[in-house]
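Asker:
Numbering (the numbering used here), first residue to last: 1397 to 1510.
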């Protein structure tokens, strides 16, 4: 697993993950993502180069998203590879992880759109 972090302006970070996001890689990736979140206002995690992801990888994304939400940091998964997208659809997490946290919270607070 490879991870690249690009600092953009104003506390915005883009994290690109590449390779297999599995039980072996997930703990280190989760720790690194949480660390990036600590120093950012927005984090986009690009998953286009993920060749394989399992439940441990998904759990790491959810943990990082939770850490971001607790800090008020927008955390969004972008460009999921076809296999990754399929797993996120099956787990019901595609919309949760691909929509900024503040938008999800607004949707939960106002499901009727009011």
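Heads up, the beta-carbon is just placed ideally off N, CA and C, and yes, glycines get one too. Predicted, not measured: the structure shown is a model, and the values here were computed from it.
#1: Per DSSP, what kind of secondary structure is residue 1468 in: helix, strand or coil?
#2: Are the beta-carbon atoms belonging to residue 1401 and residue 1441 less than 8 Å from one another?
#3: Among the candidates 1409, 1495, 1478, whose CA atom is the shortest distance from the CA of residue 1446?
#4: Alpha carbon to alpha carbon, how far is residue 1454 from residue 1419? Give it in angstroms, no decimals.
#5: Out of 1448, 1422, 1438, 1492, which one is the CA nearest neighbour of residue 1406?
#6: Verify whether the separation of the beta carbon atoms of residue 1426 and residue 1459 is less than 8 Å.
#7: Please say whether residue 1463 and residue 1422 have beta carbons closer to each other than 8 Å?
Answerer: The short version:
#1: coil
#2: no
#3: 1478
#4: 10 Å
#5: 1438
#6: yes
#7: no
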